[in-house]
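A.B. asks: Just so you know, the sequences run in chain order A and B. This note's numbering puts the first residue of the first sequence at 1, with every later residue one more than the last. This note's numbering puts the first residue of the second sequence at 1001, with every later residue one more than the last. Glycine included, C-beta positions come from ideal geometry on N, C-alpha and C.
Number of protein chains: 2
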Amino acid sequence: MLDHIPTADLTIDDMYTAHERIKPYIRRTPVMTSEVLNEQTGAQLFFKCENFQEAGAFKVRGACNAVFGLSDDKAKKGVCTHSSGNHALSLSYAAGRRGIPCHVVMPRTAPQAKKDAVRRFGGTITECEPSTSSREATFAKVQARTGGAFVHPYNDPRVIAGQATCSAELLEQTGGVDAVIAPIGGGGMVSGTCLTVSALAPQTAIYAAEPEQADDAYRSFRAGHIIADDAPKTIADGLLVPLKENTWHFVSRNVTDIFTASEQEIIDAMKLTWKYLRVVMEPSSAVPLATILKNPKVFSGKRIGVIITGGNVDLDKLPWLEG
Amino acid sequence: MLDHIPTADLTIDDMYTAHERIKPYIRRTPVMTSEVLNEQTGAQLFFKCENFQEAGAFKVRGACNAVFGLSDDKAKKGVCTHSSGNHALSLSYAAGRRGIPCHVVMPRTAPQAKKDAVRRFGGTITECEPSTSSREATFAKVQARTGGAFVHPYNDPRVIAGQATCSAELLEQTGGVDAVIAPIGGGGMVSGTCLTVSALAPQTAIYAAEPEQADDAYRSFRAGHIIADDAPKTIADGLLVPLKENTWHFVSRNVTDIFTASEQEIIDAMKLTWKYLRVVMEPSSAVPLATILKNPKVFSGKRIGVIITGGNVDLDKLPWLEG
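In structure tokens, the structure reads:
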């Protein structure tokens, strides 16, 4: 069972297995282009729109792979996780599709829209205080009570194999690119990208993009070991979490480079994408374009796959309209 | 030449000819779905996302058909039109692709974003006062000076044949629907829909959706003759213009019914679409969903094609955030 494959043993076959398993529950999202954005960057950009998943984020891939990979016996007690964001939605969505319970521990300060979505998909929320100690204590209780299988948001080979299916589609849909770039938080999407791209298109560069104000992956990559920030603060709320050993495995081996962008650069890139690509996406998803715009020597003249990771954003609080 | 076909003689072959002609210059836009919106309407909705055209609107189809249908001799002097919106952008885009001049007369009060886009595509703007008399006088001068071929925003069989290609793609992409619904202003998109759907799927209903505050098509349809409003005022700025004889031809013969929605219903439907479909689209494009939500007896249980007509919206002025 995939449950038991350690990350170091993951192969491209695990991605293929995941893809077959999750296809009935995910969308093959479109790849979009914009001549204006191509002109502004000097590159040919292919945006893989994972914000168009029903749950609004790529995380539904990893969540579905974990949920549908469980034996019937294990599945009976459902799944559980802690998350303030898209993983909570996505795991609820996946569990709902399988018809099993899903319990998520969320900080009481999590956006109402995300709590509403968890409930819409049939998940049960237990609130905790917005601190690591409260989250861990609350989660331990919930898991003990429900006996549900824990699906970590990213530090889990089943999740990584699921996220890996995104780049496989991107490579097929574009016929190949010179580089792929994705935002990096905990590193689940980037690790999946590494798994697929290093096997199917080894000549393709893999870049990660990170907010300057939450640049733990950037500093880890340069230091050669995981550095976790204490309490990063950035508008890119999907990218607050640190790398863990399963994602560090891929990031340290397969990533070509990591670039960072300032808060203002992220907001500008977000607005540019909304305007010219006409898609609703989260601040986190704008970090790659922000770094492409400021590193023309790296990207100009190249064919670049850009992963738009999610589109769950509060439409009443758009950053370019805030104070 | 298609130039000379009167509207009454248009056939589905003119749509096919248009489609072959414009394919290199337009996108086959994706059809998107949302389980949440399906639940809320009780219908199966298939959104044809014309906001994803490079110029941000379906009007690029009609504009390209007119521009690329011109003889080389006629094309030399370029094209001209008057428009405050998406037709100006789209004609500039089409003319730019053919490498011929495009002159547009726009009211000086037109949104800066739309003026900027015309110039980005290589169009030349002559400003007029925001009145019919000024527009007509200014346009007569521009046309006399440039000798460009006039391409009307909708009252033109070449334009209607171009818009007709949208529904042909929609029918292919969905494998057929019970009804198609599109917003109606001057009636170009609805007329094109009639041309295609009445020929290729005659059992499919054709609905038009209009703002209550600019309901001239609704009243014309019921009266049996064209009624033009004096100065309608609605947030759906793409739907201010009245029907003309070429579009009335189709509306009066092929449309099943016309529904209207209030300003607040349009804004609510717009926000719903942004939230759950995660696409950036104009207020005009939200009118169909607004009418579907308020007429469940008509739409519930059916497969409905919904045309999202455009996505050129001012991101600094979102209607649900306005005082």
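1) Start and end of the alpha helix (DSSP H) containing I1160(B)?
2) Taking 7 Å as the CB-CB limit, is N1051(B) close to chain A?
3) On the premise that M281(A) lies in contact with N51(A), defined as a C-beta separation below 8 Å, what is that separation, rounded to the nearest angstrom?
4) Given E1265(B), which residues of its chain have a CB within under 6 Å of its CB, disregarding the five upstream and five downstream residues?
5) By the criterion of Cβ-Cβ separation under 8 Å, what are the contact partners of L315(A) in chain B?
6) Identify the residues that DSSP records as bridge partners of Y1207(B): which are they?
7) Restricting to Cα atoms, I'd like to know which of P1024(B), T1017(B), M1032(B), A1110(B) is closest to L1277(B).
8) Between which residues of its own chain and I22(A) is the CB-CB distance below 7 Å, once the five residues before and five after are set aside?
9) Look at K366(A) and G148(A) and say whether their C-beta atoms are less than 7 Å apart.
10) Spell out the partners DSSP gives A1044(B) in its beta bridges.
11) Within the continuous beta strand (DSSP E) that includes P1111(B), where are the two ends?
12) Starting from R1278(B), find everything on chain A with Cβ-Cβ shorter than 8 Å and list it in chain order.
13) Taking only the alpha-carbon atoms, compute the straight-line gap between P111(A) and G56(A) and give it to the nearest angstrom.
14) Which residue spans inside the region 221 to 304 of chain A form an unbroken alpha helix (DSSP H) run of at least 4?
15) Check whether the Cβ of E35(A) lies closer than 7 Å to any Cβ atom in chain B.
16) What number of angstroms, rounded off, separates the C-alpha of T1007(B) from the C-alpha of T17(A)?
17) Return helix, strand or coil for P69(A), following the three-state DSSP convention.
18) If distances are taken between C-alpha atoms only, which option among I12(A), T260(A), P183(A) comes closest to K294(A)?
19) Rounded to the nearest angstrom, how far is the Cβ of S1084(B) from that of M1106(B), given a contact under 8 Å?
20) Could you confirm whether any beta carbon from chain B is found closer than 7 Å to the beta carbon of P30(A)?
21) Let me check one thing: in DSSP terms, what residues is V967(B) bridge-paired to?
22) Spell out the partners DSSP gives A57(A) in its beta bridges.
23) Whole angstroms are fine: how far does the CA of A1168(B) sit from the CA of G185(A)?
24) What residue does the alpha helix (DSSP H) around E136(A) start on, and which one ends it?
25) Which residues mark the beginning and the end of the beta strand (DSSP E) in which T126(A) is found?
26) Rounded to the nearest angstrom, how far is the Cβ of A1209(B) from that of I1181(B), given a contact under 8 Å?
27) Using beta-carbon positions only, say whether G188(A) and V151(A) come within less than 7 Å of one another.
28) Look up M1(A) in the DSSP assignment and say whether it is helix, strand or coil.
29) Can you tell which of R120(A), A113(A), T81(A) has its C-alpha closest to the C-alpha of T97(A)?
30) Mapping DSSP to helix, strand and coil, what is H327(A)?
31) If you check the beta carbons only, do P283(A) and A236(A) fall under 7 Å apart?
32) Go through its chain and collect everything with a Cβ distance to K1146(B)'s Cβ below 8 Å, but skip five positions before and after it.
33) Between which two residues does the alpha helix (DSSP H) holding T1011(B) run?
34) Could you compute how far the alpha carbon of R1135(B) sits from the alpha carbon of C1128(B)?
C.D. replies: Considering the structure as presented:
1) Taking the second sequence and counting its residues from 1, the one referred to as residue 1160(B) is at position 160. It spans 1157 to 1174 - the alpha helix (DSSP H) in which I1160(B) sits, taken as one unbroken run.
2) Taking the second sequence and counting its residues from 1, one reaches residue 1051(B) at position 51. At least one chain A Cβ lies under 7 Å of N1051(B).
3) Taking the first residue of the first sequence as position 1, residue 51(A) is located at position 51. Taking the first residue of the first sequence as position 1, residue 281(A) is located at position 281. Rounded, the Cβ-Cβ distance is 5 Å, consistent with contact.
4) The residue you call residue 1265(B) lines up with position 265 of the second sequence. Only A1290 meet the Cβ criterion.
5) For this step, residue 315(A) is matched to residue 315 along the first sequence. Simply K1271, W1274, K1275, L1318, W1320.
6) On the second sequence, residue 1207(B) is found 207 positions in, with the first residue counted as 1. Paired residue(s): I1181(B), D1257(B).
7) On the second sequence, residue 1277(B) is found 277 positions in, with the first residue counted as 1. Selected option, being the one with the closest Cα: M1032(B).
8) Mapped onto the first sequence, residue 22(A) falls at position 22. The answer, listed in chain order, is R61, C64, N65, F68, G162, T165.
9) Only positions 1 to 323 of chain A appear in this structure, which leaves residue 366(A) out of reach.
10) Position 44 of the second sequence, counting from 1, holds the residue named residue 1044(B). Residue 1044(B) is actually Gln in this sequence, not Ala. Note: Q1044(B) sits in a beta bridge opposite R1303(B).
11) By 1-based counting over the second sequence, the position of residue 1111(B) is 111. Where P1111(B) is concerned, there is no enclosing beta strand (DSSP E), given that its DSSP letter is neither H nor E.
12) If you number the second sequence from 1, residue 1278(B) lands on position 278. Neighbours of R1278(B) on chain A, chain order: N51, F52, G56, V279, V280, M281, G311.
13) Numbered from its first residue, the first sequence carries residue 111(A) at position 111. Numbered from its first residue, the first sequence carries residue 56(A) at position 56. Near 15 Å, if we compare the C-alpha coordinates of G56(A) and P111(A).
14) 245 to 254, 263 to 276, 283 to 294, 296 to 299
15) Within the first sequence, the letter at position 35 stands for residue 35(A). For E35(A), the answer is yes, since a Cβ of chain B falls inside 7 Å of its Cβ.
16) Here residue 1007(B) refers to the residue found at position 7 of the second sequence. Here residue 17(A) refers to the residue found at position 17 of the first sequence. Cα-Cα distance, rounded: 55 Å.
17) On the first sequence, residue 69(A) is found 69 positions in, with the first residue counted as 1. The sequence shown places Gly at residue 69(A), not Pro. Here G69(A) sits in helix by DSSP.
18) Residue mapping note: residue 294(A) aligns to position 294 of the first sequence, counting from 1. Checking every option, the nearest Cα to that of K294(A) belongs to T260(A).
19) The residue you call residue 1084(B) lines up with position 84 of the second sequence. The residue you call residue 1106(B) lines up with position 106 of the second sequence. That pair is a contact at about 6 Å.
20) Locating residue 30(A) in the first sequence gives position 30, where the first residue counts as 1. So, interface residue.
21) Residue 967(B) cannot be examined here, being either before or after the span of chain B that is shown, 1001 to 1323.
22) The residue given as residue 57(A) occupies position 57 in the first sequence. DSSP output for A57(A) lists G310(A) as bridge partner(s).
23) Position 185 of the first sequence holds residue 185(A). Position 168 of the second sequence holds residue 1168(B). Roughly 43 Å separates the two Cα atoms.
24) Taking the first sequence and counting its residues from 1, the one referred to as residue 136(A) is at position 136. Where E136(A) is concerned, the enclosing alpha helix (DSSP H) stretches over 132 to 146.
25) Taking the first residue of the first sequence as 1, we reach residue 126(A) at position 126. T126(A) -> beta strand (DSSP E) spans 124 to 128.
26) Here residue 1209(B) is taken as the residue at index 209 of the second sequence, counted from 1. Here residue 1181(B) is taken as the residue at index 181 of the second sequence, counted from 1. With 8 Å as the limit, A1209(B) and I1181(B) qualify as a contact, their Cβ atoms being about 6 Å apart.
27) If you number the first sequence from 1, residue 188(A) lands on position 188. If you number the first sequence from 1, residue 151(A) lands on position 151. Contact: no.
28) Within the first sequence, the letter at position 1 stands for residue 1(A). Because M1(A) sits at a pLDDT of 40, beneath the cut-off of 50, its placement in the model cannot be relied upon, and the following sentence gives the value as read from the coordinates. Looking at M1(A) - three-state DSSP - the assignment turns out to be coil, as it is neither helix nor strand.
29) Indexing the first sequence from 1 puts residue 97(A) at position 97. The identity of residue 97(A) in the sequence shown is Arg, whereas the question assumes Thr. Nearest of R120(A), A113(A), T81(A) to R97(A), Cα basis: R120(A).
30) Nothing in the structure corresponds to residue 327(A), since chain A is present only between 1 and 323.
31) Working through the first sequence from its first residue, we reach residue 283(A) at position 283. Working through the first sequence from its first residue, we reach residue 236(A) at position 236. Yes; because the gap between Cβ atoms is below 7 Å, this pair is in contact.
32) By one-based count along the second sequence, residue 1146(B) stands at place 146. Here residue 1146(B) is Thr; the residue named in the question, Lys, does not match the sequence. Excluding residues within five positions, the ones whose Cβ falls inside 8 Å are K1077, G1078, C1080, P1101, H1103.
33) In the second sequence, residue 1011(B) corresponds to position 11, counting from 1. T1011(B) -> no alpha helix (DSSP H), and no H or E assigned at all.
34) For the purposes of this step, residue 1135(B) is taken as the residue at position 135 of the second sequence. For the purposes of this step, residue 1128(B) is taken as the residue at position 128 of the second sequence. Computed Cα separation, rounded: 6 Å.
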